[in-house]
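K.L.:
Here it is, the structure, as structure tokens.
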């Protein structure tokens with residue numbers, strides 16, 4: 125009996141961690157969030173912290189992020205910056221984000 129219980133525990137799939145905000149978006153958006161988190165883990169990136177999925181639109185998904193500044197030589201508290209990261213889910217989304225980037229750089233005049 126005890127052996128059977130151990131086998132069940134051993135063969136059970138590990139539970140995937142719930143991402144904040146995932147209950148309000150599509151599975152594709154959750155997949156993109158997991159991809160982002162995995163890349164931060166692989167790069168051993170400690171300055172950026174994923175907070176939650178904030179929204180999903182027809183072309184992409186938006187994440188709320190946090191970034192700590194690099195520590196200084198003094199023992200002062202590191203400032204925290206919060207920002208939003210957008211990720212496209214299709215070609216139209218990539219086009220929209222590219223246009224936004226160009227606009228923010230000043231390459232596209234405001235009409």
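Residue numbers (this note's numbering): 125 to 235.
Virtual Cβ for every residue (Gly too), placed ideally from N, Cα, C.
1) Evaluate residue 177 with the Cβ neighbour count: other Cβ atoms within 10 Å of its Cβ, from every protein chain shown; 16 or more gives buried, anything less gives exposed.
2) Near residue 207, what residues of its chain come up, given a Cβ to Cβ distance below 6 Å and the 5 sequence neighbours on each side ignored?
3) Classify residue 160 as buried or exposed, calling it buried when 16 or more other Cβ atoms lie within 10 Å of its own Cβ.
4) From the DSSP output, in three-state form, read off residue 154 for me.
5) Just to confirm my understanding: we take residue 220, look at its own chain, exclude 5 residues before and 5 after, and list those with CB closer than 6 Å. What are they?
6) Just the C-alpha distance for residue 143 and residue 150, rounded to the nearest angstrom, thanks.
7) Alpha carbon to alpha carbon, how far is residue 175 from residue 231?
8) What are the uninterrupted segments assigned as beta strand (DSSP E) that are 3 or more residues long and contained completely in the stretch 180-222, given in chain order?
9) How would you label residue 157, buried or exposed, when you count the other beta carbons within 10 angstroms and need 16 or more for buried?
10) Rounded to whole angstroms, what is the Cα-Cα separation between residue 212 and residue 170?
P.N.:
Short version:
1) Result: buried.
2) Within the same chain, 189 come within 6 Å of residue 207 by CB-CB distance, once the 5 residues on both sides are set aside.
3) Classified as buried, residue 160 has 16 or more neighbouring CB atoms from the shown chains inside 10 Å of its CB.
4) In the structure shown, residue 154 falls within a helical segment according to DSSP collapsed to helix, strand and coil.
5) Within its own chain, the residues whose Cβ lies closer than 6 Å to the Cβ of residue 220, once the five positions on either side in sequence are excluded, are 183, listed in chain order.
6) Distance between the alpha carbons of residue 143 and residue 150: 12 Å.
7) Going by the C-alpha atoms only, they are around 31 Å apart.
8) Complete beta strand (DSSP E) runs here, min 3: 184-192 and 204-212.
9) Classification for residue 157: buried.
10) Within the model, the alpha-carbon separation for residue 212 versus residue 170 is close to 24 Å.
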